[in-house]
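Below is one structure; the comments refer to it alone.
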Amino acid sequence: GSPAVSRMQAELEALDVLPLTTADEAPLLTRMRIELCADLLTMPSHDDVCGDIRLLRFLRGYAHSVHEACAAYRAMLHTRRQHDVERIRAQVLAQPLVAEEMPHGALIAPLYPMQ
Numbered sequence: 001g002s003p004a005v006s007r008m009q010a011e012l013e014a015l016d017v018l019p020l021t022t023a024d025e026a027p028l029l030t031r032m033r034i035e036l037c038a039d040l041l042t043m044p045s046h047d048d049v050c051g052d053i054r055l056l057r058f059l060r061g062y063a064h065s066v067h068e069a070c071a072a073y074r075a076m077l078h079t080r081r082q083h084d085v086e087r088i089r090a091q092v093l094a095q096p097l098v099a100e101e102m103p104h105g106a107l108i109a110p111l112y113p114m115q
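Structure representation (structure tokens):
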């Protein structure tokens, strides 16, 4: 692999895993990070897309099969690129969130601070 991928793999191996993981999941999550590191380098580093919680959701969703979870995660990244989700995300985040303008905004506002 490239030097950037090798560097990232070394950094990923050294990271602590989330406290949400079980003892069995921690090494699997690390394996996912390593297997996906080239893919992760091509994406903006938004935790909601590339963070451990997202990876853990895929790992659990595919019965702890690292291979299947990584394949599904790559398919998700492909779909995001295909539909230009990063551009859409930037447009959404550029606008202020106003509770009154959102469906059920009054219910959401106390849980998620908005303008």
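Counted from 1, the sequence shown has number 68 at position 68 by this note's numbering; the numbering is strictly sequential.
Just so you know, even glycine gets a beta-carbon here, dropped at the ideal spot from N, CA and C.
Nearest to residue i by alpha carbon, out of the options?
i: residue 6; options: 21, 36, 27 and 73; result: 36
i: residue 100; options: 110, 3, 38 and 22; result: 110
i: residue 48; options: 89, 24 and 21; result: 89
i: residue 25; options: 74, 64, 77 and 2; result: 64
Skipping 5 residues on each side, what residues in its chain have a beta carbon closer than 8 angstroms to that of residue i?
i: residue 72; result: 58, 61 and 62
i: residue 50; result: 40, 43 and 44
i: residue 31; result: 66
i: residue 74; result: 36 and 39
For residue i, does the three-state DSSP call read helix, strand or coil?
i: residue 30; result: helix
i: residue 107; result: helix
i: residue 136; result: As shown, the chain starts at 1 and ends at 115. That puts residue 136 outside it, with no answer to give.
i: residue 3; result: helix
i: residue 23; result: coil
i: residue 95; result: coil
i: residue 51; result: coil
i: residue 39; result: helix
i: residue 67; result: helix
i: residue 62; result: coil
Within a Cβ cutoff of 7 angstroms, which residues of the same chain sit near residue i, ignoring the five residues on either side of it in sequence?
i: residue 70; result: 32, 35 and 36
i: residue 28; result: 59, 64 and 66
(request) Check whether the stretch 80 to 94 touches the stretch 53 to 64, counting contact only when three or more Cβ pairs, one atom from each stretch, lie closer than 8 angstroms. (result) no
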